[in-house]
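*Asks:*
Numbering (our numbering), first residue to last: 164 to 448.
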């Protein structure tokens, strides 16, 4: 049977979270030290640990079938690669930053000035759309020090918390794009491997759905059940179980993490009491 070859960043911010996702999907990874290729015993998957910057080319060439990679990198490399699932972790943005003493946020500030970046294609596309001509200096690492050493008037780089910019006396002015980890696939995927990918995607979606949801139990007066049920739209219908105390029932359902506190307030306003919240490990719908 064929095995689906997946590329994972061998070090850096995506590495740990990628392995955790595989673990959450029930895929047991026997990760030997310094191994570049690892087979999985309980799923038709083979893991390749690669340099982050090499992954888009390996995908386009069909050396690997799928990869967990930053969306920002795929956009920068401009390869013929399809994103099949956004994964919700390692969120960041590609932004322009200037020394904090520069008061304007207008990108026109860079007309005729120098910008240091490790994302030249992303930056160039933005500047062309804005009609700005700048001198782009390509740097592979430590882009944030460029203004301090006189190499550039500002930078274009990935930003997560913004703490690195702050430490280097920079401030963010314009966001070019927002990014997160994604599962991407080669355009050369065979029919047999596509079937395996669908099985893998099924597991990923169950994990992601569970992370964005909470299981909720509450006690509700019977005359308030309909009102409370209308606040709980995640599943087809909540489970209603009569309590020993006459006139009351226990309602079980699922709520979205994003609206958690708003929903709790609505439930209380509609008569719910004794509300319990339980994490969900997997969610298959």
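Every residue, glycine too, gets a C-beta built ideally from N, C-alpha and C.
Residue ranges of each alpha helix (DSSP H) run of no fewer than 4 residues wholly in the stretch 182 to 225, ordered along the chain?
*Replies:* Within the stretch 182 to 225, the complete alpha helix (DSSP H) runs of at least 4 residues are 218 to 224.
*Asks:* Would you report the Cα separation of residue 444 and residue 199, rounded to the nearest angstrom?
*Replies:* Straight-line Cα distance between these residues: approximately 30 Å.
*Asks:* What does a CB cutoff of less than 6 Å around residue 340 pick up in its chain, not counting 5 residues either side in sequence?
*Replies:* Closer than 6 Å at Cβ, skipping near neighbours: 257.
*Asks:* Drop a sphere of 10 angstroms on the beta-carbon of residue 365, count the other beta-carbons inside from all chains shown, and report buried for 16 or more, exposed for fewer.
*Replies:* Its Cβ having fewer than 16 others within 10 Å, residue 365 is exposed.
*Asks:* Give the DSSP bridge partners of residue 411, in chain order.
*Replies:* DSSP output for residue 411 lists 384 as bridge partner(s).
*Asks:* Along the chain, which unbroken stretches of the beta strand (DSSP E) at least 3 residues long are found entirely within the stretch 225 to 303?
*Replies:* Counting only runs of 3 or more, we get 229 to 233, 245 to 249, 255 to 262, 277 to 280 and 298 to 301.
*Asks:* For residue 399, name the three-state secondary structure that DSSP assigns.
*Replies:* Coil at residue 399, not helix or strand.
*Asks:* Where do the ends of the beta strand (DSSP E) carrying residue 341 lie?
*Replies:* Looking at the DSSP string, the run of the beta strand (DSSP E) that includes residue 341 is 333 to 342.
*Asks:* With a CB to CB cut of under 7 Å and the five nearest residues on each side skipped, what residues in its chain are close to residue 187?
*Replies:* Hits under 7 Å: 370.
*Asks:* Decide if residue 216 is buried, meaning its Cβ has at least 16 other Cβ atoms within 10 Å, or exposed.
*Replies:* The residue is exposed, with fewer than 16 neighbouring Cβ atoms inside 10 Å.
*Asks:* Relative to the C-alpha of residue 173, which residue among 193, 410 and 197 is closest?
*Replies:* Closest option to residue 173, Cα to Cα, is 197.
*Asks:* Residues in the same chain with beta-carbon distance under 7 Å from residue 446, minus the five sequence neighbours each way, listed in chain order, please.
*Replies:* Correct list, in chain order: 369, 372, 373 and 376.
*Asks:* Would you mind giving the Cβ-Cβ distance between residue 416 and residue 379, rounded to the nearest angstrom? I have them listed as a contact below 8 Å.
*Replies:* The pair is a contact, with the Cβ atoms about 6 Å apart (cut-off 8 Å).
*Asks:* Just confirm the distance between the C-beta atoms of residue 170 and residue 250, as a whole number of angstroms; I'd bet it's less than 8 Å.
*Replies:* The Cβ separation is near 14 Å, so there is no contact.
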